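So the protein sequences, as listed, match chains A and B.
Using our numbering, read the first sequence as starting at 49 and increasing by one per residue.
Using our numbering, read the second sequence as starting at 71 and increasing by one per residue.
Yeah, the Cβ is synthetic: ideal placement off N, Cα and C, and Gly gets one too.
As the structure is a prediction and not an experimental result, all values here were calculated from the model.
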Amino acid sequence: DIQMTQSPASLSASLGETVTIECRASEDIYNGLAWYQQKPGKSPQLLIYNANSLHTGVPSRFSGSGSGTQYSLKINSLQSEDVASYFCQQYYDYTFGAGTKLELK
Amino acid sequence: QVSLKESGPGILQPFQTLSLTCSFSGFSLGTSNMGVGWIRQTSGKGLEYLATIWWDDDKYFNPSLNSRLTVSKDTSNNQAFLKITSVDTADTGTYYCTQCYNNHGWFAYWGQGTLVTVSS
């Protein structure tokens, strides 16, 4: 099994700030990684696929990067509607990270 | 556009079999490379992939749950089904179905989820 370690577990940031969330895989996943946003009471929504490709309709302030075992999601110029939990997911056995809860400071 | 909706019993008792239905539109399981996946979210394990059924009736299961899972489909009526045998309280959570596309490892479309509670 490929394990996904996501950090931090929670994060508090101010409006307009840049936020970075990271996921580390237990072995090379060759960019086979997606990022999701989940708001309370809602289903997860795809943000990024193939580590760095923006899903249709997702604002350009979201971006993904990384390779090998290390990946990150960056949110530029944080907006109030970005308050949510964020999850990474690798493609090989579909394991998800434990999530990052993003709140406003 | 793609839309999915899960339905289920809401509450069931330990050792019973959980049966869930995914009704979808905007795609067909009669089309090559299409599939329906099942993912759940529990307080104990977070988001957990369960299984996928493909257009050609191929199936893939989470190895840790394989022995308890069954997936099937009704292509004519745009429905997919998940069964989990011998449930316990650890199976309490929200269950989602998703559209899957062969060689795409991500899940672009999700249902709204259905809450399942296992309680005696």
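Would you decide whether residue i is buried or exposed? Buried here means 16 or more other CB atoms lie within 10 Å of its CB.
i: S95 of chain B; result: exposed
i: N132 of chain B; result: buried
i: S133 of chain A; result: buried
i: I96 of chain A; result: buried
i: Q111 of chain B; result: buried
i: D76 of chain A; result: exposed
i: P92 of chain A; result: buried
i: G114 of chain B; result: exposed
i: D130 of chain A; result: buried
i: F85 of chain B; result: exposed
i: V106 of chain B; result: buried
i: G112 of chain A; result: buried
i: L150 of chain A; result: buried
i: L185 of chain B; result: exposed
i: A150 of chain B; result: buried
i: A57 of chain A; result: exposed
i: T155 of chain B; result: exposed
i: T104 of chain A; result: exposed
i: G147 of chain A; result: buried
i: G183 of chain B; result: buried
i: G114 of chain A; result: buried
i: G89 of chain A; result: exposed
In chain order, what residues of the same chain lie with their CB nearer than 7 Å to the CB of residue i, ignoring the 5 residues before and after it?
i: K153 of chain A; result: S60, A61 and S62
i: T140 of chain B; result: K153
i: D125 of chain B; result: Per the sequence shown, the amino acid found at residue 125 of chain B is Trp instead of Asp. Closer than 7 Å at Cβ, skipping near neighbours: L99, G100, T101, S102, N103, M104 and G105.
i: F97 of chain B; result: V72, M104 and Q169
i: E65 of chain A; result: L126
i: S55 of chain A; result: E70
i: N79 of chain A; result: N98, A99 and S115
i: L94 of chain A; result: A82, Y84 and H103
Residues of chain A with CB under 7 Å from residue i, in chain order?
i: F131 of chain B; result: Those do not exist, as F131 of chain B stays about 11 Å from chain A at its closest Cβ, beyond 7 Å.
Residue i touches chain B at which residues, Cβ-Cβ below 7 Å?
i: S91 of chain A; result: Y166, W180, G181, Q182 and G183
i: A146 of chain A; result: G116
i: L94 of chain A; result: W176, F177 and A178
With a threshold of 6 Å on Cβ separation, who are the neighbours of residue i within its own chain once the five nearest residues in sequence on each side are excluded?
i: I81 of chain B; result: T187
i: Q83 of chain B; result: S190
i: G181 of chain B; result: L74, K75, E76, Y166 and C167
i: Y119 of chain B; result: I109 and N132
i: T53 of chain A; result: R72
i: F177 of chain B; result: T168
Could you pull out every residue in the same chain whose Cβ sits closer than 8 Å to the Cβ of residue i, ignoring the five residues on either side in sequence?
i: K129 of chain B; result: A121, T122, I123 and V141
i: Q51 of chain A; result: A73, S74 and T143
i: L117 of chain B; result: I109, R110 and Q111
i: H174 of chain B; result: none
Could you list which residues in chain A have their beta carbon closer than 9 Å to that of residue i, in chain order?
i: G175 of chain B; result: G80, L81, A82, Y97, N98, Q137, Q138, Y139, Y140 and Y142
Quiz item: Got a sec: which bits of the stretch 148-170 of chain B sit with their beta carbon under 7 Å from any beta carbon on chain A, in order along the chain?
Solution: Under the 7 Å Cβ criterion, the stretch 148-170 of chain B contributes Y166.
Quiz item: Given a limit of 8 Å on CB to CB distance, which residues of the stretch 99-125 of chain A reach chain B?
Solution: H103
Practice problem: Count the C-beta pairs between the stretch 117-126 of chain A and the stretch 156-168 of chain B that are closer than 8 Å, then say yes if the count reaches three, no if not. | Solution: No contact exists between the stretch 117-126 of chain A and the stretch 156-168 of chain B.
Quiz prompt | At least 3 beta-carbon pairs within less than 8 Å: the stretch 110-122 of chain A vs the stretch 131-150 of chain B | solution = no
Quiz item: When the Cβ atoms of the stretch 71-79 of chain B are set against those of the stretch 117-135 of chain B, are three or more pairs found closer than 8 Å?
Solution: no
Quiz prompt | Near-chain B residues of the stretch 52-64 of chain A - C-beta to any C-beta below 8 Å | solution = none
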